[in-house]
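Residue numbers (the working numbering): -12 to 266.
Note that beta-carbon positions come from the ideal geometry of N, C-alpha and C, so glycine has one too.
Here the structure comes first, spelled out in structure tokens, and everything after it is commentary.
Here it is as structure tokens:
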């Protein structure tokens, strides 16, 4: 049971690791955006009013709000965002929208991509008048980030499948050991008549078909004398085979294979037959 708990714990750790990485990215984005708000206020000689708490309004989309009205200089806005995103290792592809508080209309917006040439940055010199503004920024995963996510998901999924296979194999093995109706207990041995084998602890002993048939008869009748005639009839004659001294040979081989366990003994009852003595 400890093994299964350990496997499950390892998988949960992997999933939590991914979740923690996502949380760290969100926290890092909030810090960077607060820095953006701070820089915008400083450019207007405002070092006392507050940048209100950064809100995450959607996955990868955040909102910057301010305590007091301010002017927005698009060129400064572009530069401050670019610098903060780079310093915080945020995606280089993002969309910035400046919304008017009273009607939520977009007063200014631009899209920045990994290379400035591919971005869309209009009207950089046209300042927005003093007013109440909210700034929305949405980050887009880069191809590299998507590839990293895909690799991570593939890795976690692969590990999960492997763990399921390992746990399934262990459970099947345990069920076979603890509840398999196809084995019988003989002293310290487990006897598998359908598989022609004996198992004692970690040791597996192979049996021939005839040895297995004989042992199955003895196992079904412990501490009882089985006549020679009955043994030869059931194992040989019923199958259309006539035997001479084959029975004694197979009994001798069985004794050798059972000698590892002193609690059971295959004895000869002179002139009558054999008996499997089980303590």
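Should residue i go down as buried or exposed, given a rule of 16 or more other Cβ atoms within 10 Å for buried?
| i | result |
| --- | --- |
| residue 202 | buried |
| residue 199 | buried |
| residue 61 | buried |
| residue 56 | exposed |
| residue 72 | buried |
| residue 19 | buried |
| residue 196 | exposed |
| residue 189 | exposed |
| residue 40 | exposed |
| residue 46 | exposed |
If you reduce the DSSP assignment to three classes, tell me which class residue i lands in.
| i | result |
| --- | --- |
| residue 169 | coil |
| residue 156 | helix |
| residue 46 | coil |
| residue 32 | coil |
| residue 260 | strand |
| residue 60 | coil |
| residue 250 | coil |
| residue 54 | coil |
| residue 87 | strand |
Measure from the alpha carbon of residue i to the alpha carbon of each residue in the options, then state which is nearest.
| i | options | result |
| --- | --- | --- |
| residue 34 | 22, 41, 61 | 22 |
| residue 181 | 193, 175, 30, 187 | 193 |
| residue 118 | 108, 88, 212 | 88 |
| residue 58 | 32, 11, 156, 195 | 32 |
| residue 98 | 108, 212, 145 | 108 |
| residue 120 | 51, 40, 179, 254 | 51 |
| residue 114 | 96, 238, 247 | 96 |
| residue 252 | 220, 205, 217, 222 | 205 |
Measure the CB-CB distance between residue i and residue j and report whether it falls below 8 Å.
| i | j | result |
| --- | --- | --- |
| residue 145 | residue 250 | no |
| residue 63 | residue 30 | yes |
| residue 213 | residue 179 | no |
Query raised in the report: Enumerated in chain order, which unbroken segments of the alpha helix (DSSP H) with a length of 4 residues or greater are wholly contained in the segment 175 to 209?
Result: Qualifying alpha helix (DSSP H) stretches, in chain order: 196 to 207.
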